[in-house]
Every structure is written in structure tokens, then in C-alpha cells.
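Numbering (my numbering), first residue to last: 4 to 421.
Each remark here refers to the structure printed beneath this line.
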């Protein structure tokens with residue numbers, strides 16, 4: 004049994020729109036997991052395994068426009084409908100998780116190979132919009148600014164004191180701050196940092212990793228960013244820490260940078276490159292890194308088997324959160340690093356479940372600080388968008404639909420790398 008309607012349904016005289024009929028017809032095909040939907044007219048429909056003992060997800064649809072959005076934009080329509088307040092759920096991650104469980108049966112969902120003429124008829128428009136925002140040197144600054152230059156104060160409300168905006172590593176850790184410290188330590192160990200090293204960081208963030216590397220290992224750091232807001236706060240934090248002589252922050256595209264470095268690190272910046280510009284990144288790393296140098300990257304991954312589907316599509320995150328972005332596949336990165344500078348992957352560690360926990364921690368802090376966020380002037384659509392962003396990504400990592408890795412790259416015959 005894959006879908007059912009409880010007997011407590013309203014009289015058949017209740018009007019049901021054509022849009023609702025079409026969407027429910029498609030949703031009732033989903034067979035994994037369990038979700039209860041309360042329709043605008045009060046009727047309750049159970050999707051998936053109706054006779055399952057699991058609690059399952061639940062959502063309440065308040066507006067008939069929900070169904071029209073699904074027909075027009077599939078999973079993006081689902082998310083935009085939530086942003087507009089047309090549906091709600093006590094557990095957003097569970098709702099997204101239900102659809103992830105059914106990804107191979109959910110036409111129009113990012114990463115799915117299934118297609119139907121009934122749902123997502125306007126997805127081509129979203130795809131064209133995404134393609135019009137490639138990460139050229141000019142456009143990439145606009146793409147980055149749209150997310151990271153929202154407000155430094157806003158990010159400080161949900162990040163830990165290090166201001167690391169990337170997955171922590173939670174093994175043996177109790178707090179987000181501890182997990183972020185452990186993540187930074189792992190990367191430093193992968194890099195085999197020592198006081199004589201000059202480290203290049205591509206993607207400064209707010210300076211958290213550079214500060215950590217210098218405090219813990221005494222190396223020099225040159226760090227690159229194209230976010231004006233991040234540049235200003237990173238400079239301020241480094242100056243306040245008394246480490247301006249050790250850390251140089253440059254407001255510069257990595258493609259324009261010149262220099263020679265012992266080590267190179269990049270933490271969740273590579274996803275912003277898109278398919279077209281990953282080769283440029285790998286070539287720059289090859290050009291800037293000494294022959295015996297070590298590169299360590301932390302990046303978010305999609306399954307190798309779904310990379311082409313991700314590359315051809317566009318989802319809620321790409322449209323509303325990180326314009327111009329694309330999740331990488333491990334094979335794609337390894338291939339480009341080999342082509343660019345004969346690099347080989349020396350070590351790879353995956354910890355996607357840690358990202359689910361990191362996102363849950365951010366979401367909790369976000370909700371705790373809602374009064375302060377509202378006081379900054381952010382409206383309900385913005386708040387619902389960010390709430391969904393956290394839970395959407397949490398579900399994707401929790402169900403291993405996507406992952407995150409720390410990967411170490413060296414050239415052959417590097418006897419210094421252990």
C-alpha cells in the first residue's frame with residue numbers, strides 16, 4: 004500500500020482544483036517512507052507507506068497556489084511556496100527527507116533522472132536564469148555578494164565565535180565551537196603545517212581558518228576573498244588579534260593572484276565555481292603551489308553517478324541561496340587536479356553526517372536569535388527562506404544525498420608528504 008486517504012474526508016462536493024488533482028496523482032506514486040499532507044479543504048492524505056509504524060513527515064497546505072507552483076517549478080516551486088507561507092511543517096527536514104527518499108520516483112527533483120510533462124513545466128526558465136550567472140570574474144563578485152554580503156552581523160547571530168561557515172567535525176565534540184576547531188585542526192594536519200610554511204588560502208570567509216593556522220602552527224598566511232563585507236571584518240579580526248604581520252588578506256580573484264606557496268587550502272569555496280570554472284581553479288593551484296607543496300580542500304559533493312543530472316539542472320539552493328554554484332563530484336575534482344598539475348589524491352575523508360549536525364546547530368541558533376534578526380529589518384520571506392535553507396541541506400546530508408570531504412592533493416614523488 005503506497006498511498007491512502009483517511010475515512011474522515013470531507014464531502015465529495017468540496018471543490019478540488021485541476022492543479023491539486025495533477026499534483027496528488029504524481030505524489031501518490033511515491034512509495035518510500037511516509038508523509039501525511041493536510042489539504043487546504045481539510046482532507047488528509049498519506050503518501051508512501053500508509054500502513055507503516057513510523058511517525059513520518061507531515062505538512063499542512065494552506066493555499067491552493069501550492070499546487071500551481073509545483074506544476075510550474077517542481078521542487079523549486081515547493082520551496083518558493085514555503086517561502087510565501089503557503090504551507091508549513093513542524094519538521095521541515097523530515098518533509099525534505101521524504102522527497103529525498105523518493106528521489107528516483109520524484110520527477111522534477113534536483114538530481115532525479117525521472118521526468119514528467121505534468122510537473123516543472125517552467126523549470127527551463129530557472130535553468131536559463133542559472134546559466135546567465137556564470138562565475139566570470141565580473142559575475143562571480145555579484146554572486147558572492149548576494150549571499151555573503153547580506154550582513155556580517157546577521158551571520159554572527161548563528162555561527163560560532165570562530166565564524167567558520169562550513170561543516171565542523173563532531174567526533175569527540177559536544178559544541179559547535181569544538182567541532183569547528185576540530186575541523187580546522189584536521190585540515191592543518193593534512194597540510195602538515197609548520198612555522199616556516201607560507202600558506203595560501205583561497206576563500207577567506209571571515210578569517211577563522213587563517214587565525215587558527217597562525218595561532219596553532221605559527222605559519223604565514225595569504226588569504227584571498229572577493230567579498231567586500233568578509234574582507235573588512237576579516238581584516239578587523241586579524242588586527243584585533245595582533246596577527247596582521249602574519250596574515251595578509253587580499254580582495255582579489257584567485258585567477259589574478261601571483262606568488263609561490265608551500266601549502267594551499269580552500270574550505271567550501273570550490274562549490275561556487277560551477278562546472279566551467281573548476282579547471283581554472285585547479286590550474287591556479289598548480290601554478291601557485293611549489294613542486295613539493297600540499298593542497299588540502301574541503302568541499303561539498305554530489306554522487307558521481309548523479310553529477311551530470313546536477314550539472315544540467317538547477318535547484319532551490321542555486322536559485323535562492325548560492326547563485327552560480329554547483330556541487331562537485333569527487334571524480335570530477337580528481338580528474339581536473341590530475342589534468343592541471345599531475346596531482347594525485349593522497350587522502351580523502353568523508354563526514355557528511357557531521358554537516359547535518361552542523362546545519363542543525365546553525366538552525367537552532369537562527370531560531371533562538373529571531374528577534375534580533377527581525378530587528379535588522381529582514382522580512383518573513385527572508386526568514387522562511389533561510390529556515391528552509393538550513394533544514395533542506397540538513398536533510399540532504401542526513402540522507403547522504405550529498406556529502407562533504409576533506410581531500411589532500413600532492414604531486415607524485417612527494418617524499419615530504421606522510
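Glycine residues also receive a C-beta, built at the ideal position from the N, C-alpha and C atoms.
Quantities reported herein were computed from a predicted structural model and do not represent experimental measurements.
Assuming residue i contacts residue j under a Cβ cut-off of 8 Å, what Cβ separation, rounded to an integer in Å, is found between them?
i, j, result
"residue 97", "residue 60", "4 Å"
"residue 373", "residue 331", "With a Cβ gap of about 33 Å, residue 373 and residue 331 do not count as contacting."
"residue 359", "residue 397", "5 Å"
"residue 81", "residue 73", "6 Å"
"residue 328", "residue 339", "Not quite, the Cβ-Cβ distance comes to about 17 Å (not below 8 Å), so this is no contact."
"residue 3", "residue 224", "Because the chain is modelled from 4 through 421, residue 3 falls outside the range shown and cannot be assessed."
"residue 162", "residue 108", "That pair is no contact at about 37 Å."
"residue 200", "residue 266", "5 Å"
Assuming contact is defined by CB atoms lying nearer than 9 Å, are residue i and residue j in contact in what I supplied?
i, j, result
"residue 209", "residue 172", "no"
"residue 346", "residue 392", "no"
"residue 31", "residue 101", "no"
"residue 464", "residue 44", "As displayed, the chain neither begins before 4 nor continues past 421, which places residue 464 out of reach and without an answer."
"residue 405", "residue 305", "yes"
"residue 242", "residue 221", "no"
"residue 333", "residue 195", "no"
"residue 362", "residue 313", "no"
"residue 177", "residue 166", "no"
"residue 229", "residue 254", "yes"
"residue 357", "residue 154", "no"
"residue 370", "residue 390", "yes"
"residue 39", "residue 27", "no"
"residue 217", "residue 246", "yes"
"residue 414", "residue 295", "yes"
"residue 291", "residue 263", "yes"
"residue 29", "residue 66", "no"
"residue 190", "residue 212", "yes"
"residue 85", "residue 91", "yes"
"residue 279", "residue 310", "no"
"residue 70", "residue 25", "yes"
"residue 349", "residue 416", "no"
Please report the residue range of the alpha helix (DSSP H) in which residue i lies.
i, result
"residue 269", "It is not in any alpha helix (DSSP H) - residue 269 instead sits in the beta strand (DSSP E) that spans 264 to 270."
"residue 285", "277 to 291"
"residue 100", "95 to 104"
"residue 23", "21 to 30"
"residue 238", "231 to 243"
"residue 51", "Segment 47 to 51 is the beta strand (DSSP E) holding residue 51; no alpha helix (DSSP H) there."
"residue 215", "211 to 220"
"residue 178", "Segment: none, residue 178 is in no alpha helix (DSSP H) and carries neither H nor E."
"residue 309", "From DSSP, residue 309 is part of no alpha helix (DSSP H); its letter is neither H nor E."
"residue 68", "68 to 86"
"residue 401", "383 to 401"
"residue 338", "333 to 344"
"residue 156", "155 to 159"
"residue 326", "Residue 326 -> no alpha helix (DSSP H), and no H or E assigned at all."
"residue 197", "Residue 197 -> no alpha helix (DSSP H), and no H or E assigned at all."
When the Cα of residue i is compared with those of the options, which residue comes out closest?
i, options, result
"residue 260", "404, 215, 46, 206", "206"
"residue 93", "200, 105, 63", "63"
"residue 231", "246, 252, 357", "252"
"residue 323", "250, 388, 48", "388"
"residue 375", "103, 29, 157", "157"
"residue 354", "403, 366, 316, 365", "403"
"residue 187", "199, 378, 174, 215", "215"
"residue 168", "250, 365, 103", "365"
"residue 277", "193, 316, 233", "316"
"residue 54", "68, 35, 193", "35"
"residue 325", "275, 234, 307", "275"
"residue 22", "48, 68, 56", "68"
"residue 219", "307, 258, 58, 192", "192"
Just reading off the beta strand (DSSP E) that residue i is part of, what are its end residues?
i, result
"residue 63", "60 to 64"
"residue 412", "406 to 413"
"residue 223", "223 to 228"
"residue 205", "201 to 205"
"residue 348", "347 to 353"
"residue 254", "250 to 254"
"residue 41", "37 to 41"
Stretch pair the segment 285 to 294 + the segment 171 to 186: three plus CB contacts closer than 8 Å: no
Segment contact flag, the segment 408 to 417 with the segment 290 to 309, C-beta cutoff 8 Å, min 3 pairs: yes
Three or more C-beta pairs below 8 Å linking the segment 258 to 276 and the segment 375 to 391: no
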